[in-house]
Amino acid sequence: MATTFKKKEEIIAQINLLDYALNNGYKIDKVKSSVEWVVLKNDTISDTILINSKKNTFSNIGNDRDKGDILSFVGNRLTGSLSVDKSNEAFYQSLVKLNEFFGNYINKEKSSEVLDKDKFLKKKETLHSLQGKEWNHKPIEDYSFLINERKISAAILKHPLFEDKLFNTYFRLPNGHLITNTAFALTSFNDLKGLEIRNSGLKNLAGDHEHAFFTNTKGMDKIDGVFYAESVIDIASYIELLHANPKFDKSKNYCFISFSGNLYESKMNNILNEISSLPLSKDCFFVSLTDNDSDKLESKKSGKNYDVLFTASLINKFFTPVTFSSNDTFYDFTFTKKEDLNIDKIKTLFEKQADYIDSHYPSDQRFGKYVIVKENEGDINIKFPKSLDLLNVNFREFLSDLKIERFYIPHKPSSQSNDWNEELQRKKGFNPEKKKEQPKIEKVKSYGRKF
Numbered sequence: 001m002a003t004t005f006k007k008k009e010e011i012i013a014q015i016n017l018l019d020y021a022l023n024n025g026y027k028i029d030k031v032k033s034s035v036e037w038v039v040l041k042n043d044t045i046s047d048t049i050l051i052n053s054k055k056n057t058f059s060n061i062g063n064d065r066d067k068g069d070i071l072s073f074v075g076n077r078l079t080g081s082l083s084v085d086k087s088n089e090a091f092y093q094s095l096v097k098l099n100e101f102f103g104n105y106i107n108k109e110k111s112s113e114v115l116d117k118d119k120f121l122k123k124k125e126t127l128h129s130l131q132g133k134e135w136n137h138k139p140i141e142d143y144s145f146l147i148n149e150r151k152i153s154a155a156i157l158k159h160p161l162f163e164d165k166l167f168n169t170y171f172r173l174p175n176g177h178l179i180t181n182t183a184f185a186l187t188s189f190n191d192l193k194g195l196e197i198r199n200s201g202l203k204n205l206a207g208d209h210e211h212a213f214f215t216n217t218k219g220m221d222k223i224d225g226v227f228y229a230e231s232v233i234d235i236a237s238y239i240e241l242l243h244a245n246p247k248f249d250k251s252k253n254y255c256f257i258s259f260s261g262n263l264y265e266s267k268m269n270n271i272l273n274e275i276s277s278l279p280l281s282k283d284c285f286f287v288s289l290t291d292n293d294s295d296k297l298e299s300k301k302s303g304k305n306y307d308v309l310f311t312a313s314l315i316n317k318f319f320t321p322v323t324f325s326s327n328d329t330f331y332d333f334t335f336t337k338k339e340d341l342n343i344d345k346i347k348t349l350f351e352k353q354a355d356y357i358d359s360h361y362p363s364d365q366r367f368g369k370y371v372i373v374k375e376n377e378g379d380i381n382i383k384f385p386k387s388l389d390l391l392n393v394n395f396r397e398f399l400s401d402l403k404i405e406r407f408y409i410p411h412k413p414s415s416q417s418n419d420w421n422e423e424l425q426r427k428k429g430f431n432p433e434k435k436k437e438q439p440k441i442e443k444v445k446s447y448g449r450k451f
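Okay, so the sequence shown: first residue is 1 according to full-length UniProt numbering, each after it adds one.
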C-alpha cells in the first residue's frame with residue numbers, strides 16, 4: 001500500500017482540479033469563463049467556484065473560506081454538500097478519495113466533459129492570443145461588404161460617428177488568396193480591446209469579448225440619447241434611416257452602442273461604466289434597437305432578455321437599487337422603495353392588465369400571463385410574464401409611473417423585418433436574403449444580485 005498510495009504532492013501534480021470537478025457533477029459556465037479563471041457550477045449543491053487553470057487551485061465566490069488546492073476542494077465536499085472542513089480527518093479522507101479516483105483518471109480515456117473542456121480552453125487560448133498585433137487589422141479601406149451586400153451608404157460609414165471605429169482584417173488561404181473582412185472596434189474608454197469580424201457567412205469575435213462597440217463621442221459636450229442594438233450593422237443601417245427622416249434633429253448628439261449579439265452581467269457592467277463616463281444630459285433617453293427575432297433557447301417567445309437586462313441595469317445605476325433575474329415564466333424585478341413610489345397606482349395599473357387578460361383569453365390560457373406584485377417592508381417585487389410582449393403587460397406605463405420611462409424606449413423594425421439592416425434594404429427596394437441560422441449560445445438566465 002505504501003508504494004502505490006499517492007501523497008499530497010503527487011495528487012496535486014498529477015490530477016487536474018478542473019477535470020476532477022467536471023467528473024463530479026460540475027459544469028463550465030462558458031459565458032463567464034476566461035483563459036485563466038474557469039467558472040464552474042454544480043446546481044445540485046448550489047455551488048459556484050472559480051478554478052485557476054494555470055495554478056490548479058480554486059476559490060468559492062460565495063464563501064471565502066472555501067479555497068485552495070484539490071485536497072481542500074474534496075475535503076470540503078465529503079458530505080455531498082459544501083461544508084468547509086480543515087481537520088486532519090477531512091484531509092486524509094480526501095487523500096483516500098482522490099487515490100480511488102487516480103487510477104481511472106490516469107489510465108482511462110477522457111470523459112466527454114473533459115474533452116469538451118479541452119476544446120473550450122483551446123479556443124479561449126486562441127482568442128486570448130489574438131489580443132495583440134496578430135489581429136492583422138488596419139483602419140478600414142475596403143467598404144465593399146457593407147456597401148454592396150448590406151446596402152449601407154458610404155456617406156454613413158464615413159460619418160464622424162464611425163471615425164476610428166471601423167477596420168479591415170485579413171486572412172490568407174493556403175493557395176495564397178487574401179480574404180478581406182470588415183471589423184468593428186470593441187473598446188474600453190476608447191482603448192481597443194477586441195474586434196467583431198464580419199463577412200458573408202462569417203461572424204467572429206477576436207480579443208476580449210467583455211466589451212462593446214461605441215460610436216465616436218469626441219467633441220460632444222452633451223449627449224441627448226443613447227441607442228443600443230445587437231450589431232454594428234444594425235446601428236449603421238438605423239443611422240442611415242434616421243438621417244433620411246426629415247424630422248430628425250441633426251443638432252442633437254447621440255451615442256450608439258452594439259453588444260455584438262450577446263449580453264450578460266459582466267459585459268453589461270463594462271457598458272454601464274463607459275456610459276457613466278459620457279456627458280449625459282439630465283433627460284438623456286435610452287432607445288432599444290434590438291431585433292424582432294425569436295430566442296429559441298431562452299423563452300421561445302418574441303424577443304430576448306436583452307431589453308429587460310439593459311433596462312434593469314440602467315434603473316439600478318441611475319435611479320434606485322433593483323435586482324433582476326429571469327426564469328422560464330417571468331422577468332423578476334425587486335425594487336428598493338422610494339418615498340415618492342405610489343404603490344397603489346402601480347397595483348391599479350396591473351389590475352387593469354389582469355382585467356384585459358380575463359377578457360381576451362379563455363381560462364385555460366391565462367396561466368403565466370398575469371403581472372404579480374408583492375409589496376414587502378423595504379421593497380416591492382414585480383414579476384412580468386414572458387408569455388406576452390413587454391408592451392402588452394404595461395411595462396412602459398409602469399416605468400412612466402416611476403417617472404423613468406426614458407430608460408426604455410423600444411423602437412423595433414417593421415413586423416416584416418427581423419432587424420434594422422433588413423428594414424434599410426426593404427426601404428431601398430431590395431429583398432434581403434434569408435439569414436443562415438447562427439449557432440446559439442445559451443444565455444445566463446439569472447442576474448439575481450445587484451449590479
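Even glycine gets a Cβ: it sits at the ideal position worked out from N, Cα and C.
Buried versus exposed, by CB contacts within 10 Å (16 or more), residue i
i: glutamine 14; result: exposed
i: tyrosine 408; result: buried
i: arginine 65; result: exposed
i: residue 454; result: Since the first residue shown for the chain is 1 and the last is 451, residue 454 is missing from the structure and cannot be characterised.
i: glycine 132; result: Confidence is the limiting factor: at glycine 132 the pLDDT is only 43, short of 50, which leaves the residue's position unreliable and the question unanswerable from this model.
i: serine 299; result: Low confidence applies to serine 299: its pLDDT is 39, below 50, so where it sits in the model is not reliable enough to give any reading.
i: proline 439; result: Unreliable positioning characterises proline 439 in this predicted model, as indicated by a pLDDT of 44, which lies under 50. A coordinate reading is not provided.
i: threonine 4; result: exposed
i: leucine 390; result: buried
i: asparagine 421; result: buried
i: lysine 250; result: exposed
i: lysine 267; result: buried
i: lysine 369; result: buried
i: alanine 155; result: exposed
i: glycine 176; result: exposed
i: serine 200; result: exposed
i: glutamate 10; result: exposed
i: phenylalanine 367; result: exposed
i: alanine 244; result: exposed
i: glycine 62; result: exposed
i: serine 294; result: Its pLDDT being 48, under 50, serine 294 is placed unreliably in this model, and the coordinates cannot settle the point.
i: serine 363; result: exposed
Residue i and residue j closer than 7 Å at C-beta
i: serine 288; j: proline 160; result: no
i: phenylalanine 167; j: histidine 211; result: no
i: phenylalanine 335; j: aspartate 379; result: yes
i: leucine 82; j: aspartate 116; result: no
i: lysine 347; j: valine 373; result: yes
i: asparagine 38; j: serine 53; result: It should be noted that the sequence gives valine, not asparagine, for residue 38. Against a cut-off of 7 Å, the Cβ pair of serine 53 and valine 38 comes out as a contact.
i: leucine 242; j: phenylalanine 248; result: yes
i: leucine 157; j: tyrosine 143; result: yes
i: phenylalanine 171; j: glycine 225; result: no
i: lysine 41; j: lysine 55; result: no
i: alanine 183; j: leucine 202; result: no
i: aspartate 49; j: phenylalanine 58; result: It is isoleucine, not aspartate, that sits at residue 49 in the sequence shown. Against a cut-off of 7 Å, the Cβ pair of phenylalanine 58 and isoleucine 49 comes out as a contact.
i: glutamate 222; j: proline 279; result: One detail in the question is off: residue 222 reads as lysine in this sequence, not glutamate. Going by C-beta atoms, lysine 222 is nearer than 7 Å to proline 279.
i: phenylalanine 91; j: glycine 75; result: yes
Reference residue i; option with closest CA among the options
i: isoleucine 70; options: Ile45, Ser46, Gly62, Val96; result: Val96
i: isoleucine 12; options: Gln416, Leu98, Thr169; result: Leu98
i: leucine 192; options: Thr323, Lys165, Glu423, Ser112; result: Lys165
i: glutamate 265; options: Val232, Leu314, Leu146, Leu202; result: Leu314
i: phenylalanine 414; options: Tyr238, Tyr105, Asp29; result: Just to set this straight, residue 414 is serine in the shown sequence, not phenylalanine. Of Tyr238, Tyr105, Asp29, the residue nearest in Cα terms is Tyr238.
i: serine 111; options: Leu341, Asn23, Tyr356; result: Asn23
i: aspartate 118; options: Leu18, Phe102, Gly261; result: Leu18
i: serine 8; options: Lys345, Phe73, Ile61; result: With the sequence shown as reference, residue 8 is identified as lysine, and serine is not the correct amino acid for it. Answer by Cα proximity: Phe73.
i: phenylalanine 102; options: Asp358, Tyr20, Tyr356, Ser417; result: Tyr20
i: asparagine 181; options: Gly194, Asn175, Asn204, Gln93; result: Asn204
i: leucine 341; options: Ala206, Asn327, Phe398, Ile235; result: Phe398
i: serine 276; options: Asn305, Ile357, Phe319, Gly75; result: Phe319
i: alanine 185; options: His209, Asn253, Gly201; result: His209
i: isoleucine 179; options: Phe189, Pro279, Arg198, Glu163; result: Arg198
i: glutamate 377; options: Asp355, Ile343, His360, Val393; result: Ile343
i: tyrosine 254; options: Gly25, Ile235, Pro321, Thr79; result: Ile235
i: residue 456; options: Gly219, Ser200, Phe256; result: Outside the displayed span of the chain (1 to 451) sits residue 456, for which this structure offers no information.
i: asparagine 104; options: Lys282, Asn16, Lys86, Phe310; result: Asn16
i: leucine 263; options: Thr290, Lys282, Lys252, Pro246; result: Thr290
i: phenylalanine 395; options: Ser363, Phe350, Tyr361; result: Phe350
i: glutamate 36; options: Met220, Asp43, Ser363, Ile51; result: Ile51
i: asparagine 305; options: Asn316, Lys317, Ser326; result: Ser326
Three or more C-beta pairs below 8 Å linking the stretch 400 to 415 and the stretch 207 to 224 | Segments in contact, no.
Touch check for the stretch 329 to 342 and the stretch 374 to 385: three-plus C-beta pairs under 8 Å?
-> Contact between the stretch 329 to 342 and the stretch 374 to 385 is present, because at least three Cβ pairs lie under 8 Å.
Give, in chain order, every unbroken run of the alpha helix (DSSP H) that is at least 4 residues long and sits entirely within the stretch 84 to 119.
-> Segments of the alpha helix (DSSP H) lying fully in the stretch 84 to 119: 88 to 107.
Using 8 Å as the Cβ pair cut-off and three pairs as the minimum, do the stretch 146 to 160 and the stretch 419 to 431 touch?
-> Counting Cβ pairs under 8 Å, three or more are found: they touch.
Quick one: which unbroken beta strand (DSSP E) runs of 3-plus residues sit fully inside the stretch 16 to 54? Chain order, please.
-> With a minimum length of 3 residues, the continuous beta strand (DSSP E) runs that stay inside the stretch 16 to 54 are 37 to 42, 47 to 52.
Curious, which full-length alpha helix (DSSP H) runs of at least 4 residues does the stretch 276 to 352 contain?
-> DSSP runs (the alpha helix (DSSP H)) wholly in the stretch 276 to 352: 306 to 318.
Enumerate, from N- to C-terminal direction, the unbroken alpha helix (DSSP H) stretches of 4 or more residues contained entirely within the stretch 206 to 267.
-> List check, alpha helix (DSSP H) in window: 232 to 244.
Mind pulling the alpha helix (DSSP H) runs of 4 or more residues that sit fully within the stretch 368 to 419?
-> Counting only runs of 4 or more, we get 395 to 401.
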